[in-house]
Amino acid sequence: MNNANFEKYVDLVFEANKNFNLTGFKTKEAIYQNLVIEILTLFKGYEKFFIDKTVADLGSGNGSPGIILKLLFQKIKKLVLIDSKHKKISFLNKLTKQLNLEKTVAICERIEVHKNHYDVICSRGLSTIIKVNDLAFSLLNSKGIIFHIKQSLDQYIEFEKSNQKNQFNLLFIKHFTSQNKKLILIALQKND
149 MNNANFEKYV DLVFEANKNF NLTGFKTKEA IYQNLVIEIL TLFKGYEKFF IDKTVADLGS
209 GNGSPGIILK LLFQKIKKLV LIDSKHKKIS FLNKLTKQLN LEKTVAICER IEVHKNHYDV
269 ICSRGLSTII KVNDLAFSLL NSKGIIFHIK QSLDQYIEFE KSNQKNQFNL LFIKHFTSQN
329 KKLILIALQK ND
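Mapping of the sequence shown onto our numbering: residues 149 to 340, in sequence order.
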């Protein structure tokens, strides 16, 4: 793990955020805390889920969590950053180039064409757990894993009440509190 790369990531997001909305965090310190430290803390100890895996970050936007995970777990086989906005994809391509991230691509296309393609999917702010699971189910390989980053368990409780609970097994839930902000990492594995 190279701290200089995380600092470079923060600098690039900070500068690009002046021109278009990548994040609501307006200072380098806030970007570092909320887009880097939180991801490093939430995923600490979970490298086994990423080694030699094909990973997708749905709704990647500013590159967190995907790029942060690629910097943290350099043995990710391939990282695909997916967003619906061309401007953000352009930024992500520039970001991956400036960070010298190999086997990392940013795409702006219908994700349905990537059926059964990913071992791991990450989602932070894209939508509800149920909606992201709907998107992710056909994208994941057999026994693939999806990581949801949320601020409460409310959406997980709704997921538990839904018909989707038969499609995914809960692997774990990890809680993290930082600066009076609560985050939850929810890991679900696809049933086949």
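Backbone N, C-alpha and C fix where the C-beta goes; we use that ideal spot for every residue, glycine too.
- Annotation: asparagine 314 to leucine 190 spans about 26 Å, alpha carbon to alpha carbon.
- Threonine 202 is classed as buried because its beta carbon has at least 16 other beta carbons within 10 Å across all chains shown.
- For tyrosine 266, the enclosing beta strand (DSSP E) covers residues 266-271.
- Of the residues assessed, histidine 296 falls on the buried side of the cut-off, its CB having 16 or more other CB atoms within 10 angstroms.
- Note: lysine 338 is bridge-paired with Phe316 in the DSSP secondary-structure output.
- Short of 7 Å from the beta carbon of isoleucine 179, and not among the five residues preceding or following it, lie these beta carbons of its own chain, in chain order: Val158, Val161, Phe162, Thr171 and Phe173.
- Counting C-beta atoms within 10 angstroms of its own C-beta, leucine 318 has fewer than 16 neighbours from the protein chains shown and is therefore classed as exposed.
- The DSSP assignment places 176-179 and 186-191 as complete runs of the alpha helix (DSSP H) inside the stretch 166-205, in order along the chain (cut-off: 4 residues).
- Remark: three or more beta-carbon pairs, one from each stretch, lie closer than 8 Å, so the stretch 251-262 and the stretch 223-237 are flagged as touching.
- A distance below 6 Å between beta-carbons, with the five flanking residues on each side excluded, links leucine 229 to the following residues of its chain, in chain order: Asp205, Ser208, Gly214, Leu240 and Ala254.
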